[in-house]
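Data first, discussion second: the structure below is written as structure tokens.
Residue numbers (UniProt numbering): 1 to 715.
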């Protein structure tokens, strides 16, 4: 079935024949694959061709006020599918035993054991002749049991983790009532109510809402949230609501969603042998060949000597049972050489050491899906790591601030007293602009303070709380008249409130270059408003640029007092007083730089692959010690456009790949493995990392989003 883009010239009703009679009777007039194509492809033209959101509502036979009727849920599931993903059936213990028995070294040992038992009984009798063969079989059983039990226990733990992960509920409108249902019971046509913190449960369209910001980092790798509105209505399964609220129409569920297609691609991956398996199998084959050669040579020499003696004694035609026993003993000697040559204890020692390694990793709160993954980690020669959430904390904080005419470093609680003394003259107005001009909330949960909102808002509110501000008290001081929420066109957020001394006051925060142009004054050290000269504008611009060069996201905070009562709830666009310039960043995790240096000292190459912009990626990579002077930082699009020969030439120098798509990361990993023979480890914390995690020799998935489809998985 082709997507909407392939049928742009068709009449809207022509696709009805593709639906079943029951579907047409139920009022459906659009094929599920076409809906999936529009949503996954963000095809706004195809959406308009079908009459926009309201046209789709008609074609999936649902009313915005009534929602889906419980009575026709079965037909919707039959036509458009279930909101579930195809999963591999859980493996039984005996399946893990069978997988363990596929090892080539074990197969050679089993053959040796059988031959040894056969020859031993023939030459030494029962039961003495079974000693060597039974010893080999016992070692085989130990290896298989240890491997199977370890893998089976981990499979059960992953199953429990997966079961907990699936307990997610959303609010929907059904039969004119708002009710809570599991995301796995959703059907196409459901009207879903989204709010801050919710997971988008399926692919669909935005119908209405307020300042809806979606975190798509788990799919795209981009840390910047996406603003969703009527002109850009596409919502994807697995993403999260960072800010605002909205109502969505579910159009695609289950394996047809973008997430479902990603999981389909992952399930098609074939498993390769681990580096240790390759080495052990190679050793077994070489030893087997050498042992077989000497065994054949030994048997040949003994047999020839025996025949020569028979000829010299003129007994070549005289054969007895004694001669047969002599030849059988010669054959037993040859078999013994083969059995002794194959080291049955080597595999057992390796398996036991890996089992201990798995136990140690579990104590460090790392789940390992396959026992063999432990040794693959030790063989890694290259690590391709994500940035956001892996090298960094994925928790934005205020790192620097320019206020009262000078820049200051912010280092958490240790800089609290210095900050309080340095900005005492402007602290009151600073707390007002932080706490009053925000769409986020500070709440108390179990005695702990938590903040609901976007990462940028979270960073500002945490900074306000660090300065000793009281969110609720500041919010109660004034009455808010009007809010202009942030969007990616205006690039600023403004609010109009009552002035404590009469009149009104407007607060504004946003992109530095935009808000700075709106200002003609700034707050000095004494908290007084002074004229902003051209020289001061240049100095502040230099500060903004210096912050940006350190990979800081800059915001300007400003206010304006409004005395003219004739202006009714209009928020001005000029005449503001600049309060501060703040620099926000996603800080590097503690210990990352030391870990990178340890890897480099061990001969392991570390590469950063991220969806963030090039300048930010380079700054973080330098801070972590990944990017060196002779290293190369490249954008994903540039890498994608290279020929295979160019990629092969440039990959050894690549240390940073920015603005990369999941396919670029997958290509890099595949080339490193296939062309350069590297043992590649990939770290990631999102579903966008999953293709590369599965292509790699070892995939380390961190956090809830990363484990969603990948866990800690050895390919």
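Heads up, the beta-carbon is just placed ideally off N, CA and C, and yes, glycines get one too. The structure presented is a predicted model; accordingly, all values stated were derived computationally and were not measured.
Between residue 656 and residue 625, the C-beta gap is not smaller than 9 Å, which leaves the two residues out of contact.
By the 16-neighbour rule on beta-carbons within 10 angstroms, residue 547 is buried. In the three-state scheme derived from DSSP, where H, G and I count as helix and E and B as strand, residue 319 is classed as coil. Of the candidates 614, 629 and 627, 614 places its Cα closest to the Cα of residue 638.
Between residue 583 and residue 560, the gap from beta carbon to beta carbon reaches 9 Å or more. Of the candidates 681, 200, 419 and 229, 419 places its Cα closest to the Cα of residue 399. Between residue 681 and residue 382, the CB-CB gap stays under 9 Å. Relative to residue 29, the option among 542, 533, 188 and 173 whose CA is nearest is 188. Distance between residue 294 and residue 662, taken at the CA atoms: about 52 Å.
DSSP places residue 31 in the coil class of the three-state scheme, outside both helix and strand. The beta-carbon distance between residue 256 and residue 81, rounded to whole angstroms, is 6 Å. This is short enough to meet the 8 Å contact definition. Judged by pairs of C-beta atoms under 8 Å, the stretch 199-210 touches the stretch 173-187, as three or more such pairs exist. Counting only runs of 4 or more residues that sit fully inside the stretch 467-541, the alpha helix (DSSP H) segments are 471-476 and 512-517, in chain order. The beta-carbon separation of residue 392 and residue 620, rounded to 7 Å, stays under the 8 Å limit for a contact.
The criterion of a C-beta distance shorter than 9 Å is satisfied by residue 668 and residue 609.
Annotation: residue 440 is outside any alpha helix (DSSP H) and is labelled neither H nor E by DSSP. Within the same chain, Cβ atoms closer than 8 Å to the Cβ of residue 531 are found at 520 and 521, the five residues on either side in sequence being excluded. If you ignore the 5 residues before and after residue 131, its C-beta comes within less than 8 Å of the C-beta of 120, all in its own chain and listed in chain order. Beta-bridge pairing by DSSP links residue 657 to 609 and 634. Rounded to whole angstroms, the gap between the alpha carbons of residue 260 and residue 384 is 25 Å. Taking all protein chains in view, the Cβ of residue 334 is crowded by 16 or more other Cβ atoms within 10 Å, so the residue is classified as buried. Going by DSSP, residue 78 is part of the alpha helix (DSSP H) stretching over 73-80.
The C-alpha of residue 425 lies about 5 Å from the C-alpha of residue 526. Here residue 455 is buried: its Cβ has 16 or more other Cβ atoms, across all protein chains shown, within 10 Å. Out of 287, 436 and 471, the CA that lies nearest to the CA of residue 509 is found in 436.
The residue among 296, 244, 179 and 145 with its C-alpha nearest the C-alpha of residue 66 is 179. If you draw a straight line from the Cα of residue 285 to the Cα of residue 108, it comes to about 9 Å. With respect to the C-alpha of residue 287, the residue from 318, 324 and 337 having the closest C-alpha is 337. Put simply, the backbone Cα of residue 290 is about 12 Å away from that of residue 282. For residue 98, the uninterrupted alpha helix (DSSP H) run begins and ends at 93-100, by DSSP. Per DSSP, residue 450 is one residue of the beta strand (DSSP E) stretching across 448-452.
One Cα belongs to residue 472, the other to residue 440, and the distance between them is close to 12 Å.
For residue 407, the uninterrupted beta strand (DSSP E) segment begins and ends at 406-409. Taking C-beta separations shorter than 6 Å and ignoring five residues to either side along the sequence, the partners of residue 249 in its chain run 204, 205 and 207, following chain order.
Rounded to the nearest whole angstrom, the CA to CA distance from residue 238 to residue 47 is 22 Å. Per DSSP, reduced to three states, the secondary structure at residue 428 is helical.
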